[in-house]
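Novice: First, the structure itself, so that you have it in front of you.
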Amino acid sequence: MAAMQFLWGSAPGWEEPPTGAEHQGFHVAQLRCPGIYKPFIIGISLMAFQQLSGVNAVMFYAETIFEEAKFKDSSLASVVVGVIQVLFTATAALIMDRAGRRLLLTLSGVVMVFSTSAFGAYFKLTEGGPSNSSHVDLPAPVSMEPANTNVGLAWLAVGSMCLFIAGFAVGWGPIPWLLMSEIFPLHVKGVATGVCVLTNWFMAFLVTKEFSSLMEVLRPYGAFWLASAFCIFGVLFTLACVPETK
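Below, the structure written as structure tokens:
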């Protein structure tokens, strides 16, 4: 009830428009209605923050990080990532209606903030001296440090990666998709869902395409700390704008 009042206003505004042909479908003029533009803003923003969290960058580096941690079979990374995603997505599905969407999004975002910050710390600690090239692969460990220290730092990255994936799977992975089915009025749901999906894929393309350039400009640690900042903005947006729809 509170979510409907937040999104659609007073009770008379909850009714769907008449079923006549002139009232069916979505019209741009409907964006002037708070019951339409509020869900649009929330849905598009959730999809954007989902991709700006850096999930694709973490997935991209998974196998390399496992190699740095001295795993004999670095291809095990994909198996570990998949198992964590399945387990924590299933956990989210079981507790979502009891815990609530906003709570899981908030906790998920906080976990992602700490894990991406730890990722940035790992890249900062393992970065070579000024003479190193600016390539975007994982930075080579500082040669003056003992090998076991480098392996320990690699385990920091492995732990951060697993924590990030678990946090993402509990909240920011599934919940934005679920909210799309709950916040839009029926007569605009088709178009609104399409716009949100388009936003998600466009942001995924943009982040994937530009992340390497971003790492060259900000260095790897700066890129992941930027992702951490976006996670913070996602948490604040959730607390300020996302209604509880359970």
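For the sequence shown, our numbering begins at 2 and goes up steadily by one.
Beta carbons are placed, not taken as given, at the ideal position from N, Cα and C, and that holds for glycine.
Since this is a predicted model, take the numbers as computed values, not measurements.
Tell me whether P186 sits in a helix, a strand or coil according to DSSP, three-state version.
Specialist: Note: P186 maps to coil in three-state DSSP.
Novice: Give every residue of the same chain whose Cβ lies closer than 8 Å to the Cβ of L179, excluding the five residues on either side of it in the sequence, and list them in chain order.
Specialist: So the list reads M97 and R102, once near-sequence residues are dropped.
Novice: Thinking C-alpha only, which one of A230, F234 and K210 is nearest N57?
Specialist: That would be K210, whose Cα lies nearest to the Cα of N57.
Novice: In whole angstroms, give me the CA-to-CA distance for I85 and P175.
Specialist: Approximately 14 Å, taken between the alpha carbons.
Novice: To the nearest angstrom, report how far apart S229 and L53 are at their CA atoms.
Specialist: Cα to Cα, the separation comes out at about 9 Å.
Novice: Suppose the cutoff is 6 Å on Cβ atoms and the five residues either side in sequence are ignored; what does the same chain contact list for E183 look like?
Specialist: Only T246 meet the Cβ criterion.
Novice: In this structure, how does DSSP classify W173 when only helix, strand and coil are distinguished?
Specialist: The answer is coil: DSSP assigns W173 none of H, G, I, E or B.
Novice: Between the Cα of I42 and those of V196, E217 and A170, spot the shortest distance and give me the residue it belongs to.
Specialist: Ranking V196, E217 and A170 by Cα distance to I42 puts V196 first.
Novice: For G101, report the span of its alpha helix (DSSP H) as first-last.
Specialist: Segment: none, G101 is in no alpha helix (DSSP H) and carries neither H nor E.
Novice: Residues in its own chain within less than 6 Å of L219 by CB, not counting five upstream and five downstream?
Specialist: Excluding positions up to five away in sequence, the list is empty.
Novice: Taking the alpha carbon of E128 as the point to measure from, which residue in A241, T239, H188 and G223 has its own alpha carbon closest?
Specialist: Among A241, T239, H188 and G223, the Cα nearest to that of E128 belongs to G223.
Novice: Could you give the uninterrupted runs of the alpha helix (DSSP H) lying entirely in the region 31-62, keeping only those of 4 residues or more?
Specialist: Counting only runs of 4 or more, we get 35-53.
Novice: With a threshold of 16 other CB atoms inside 10 Å of the CB of P142, please say whether the residue is buried or exposed.
Specialist: Low per-residue confidence applies at P142: pLDDT is 43, beneath 50, and the placement is therefore not dependable enough to give any value.
Novice: Check whether the region 199-206 touches the region 113-123, counting contact only when three or more Cβ pairs, one atom from each stretch, lie closer than 8 Å.
Specialist: The region 199-206 vs the region 113-123: no contact.
Novice: If you drop the 5 nearest sequence neighbours on each side, which residues of the same chain put their C-beta closer than 8 Å to that of T107?
Specialist: The answer, listed in chain order, is G172, V236, T239 and L240.
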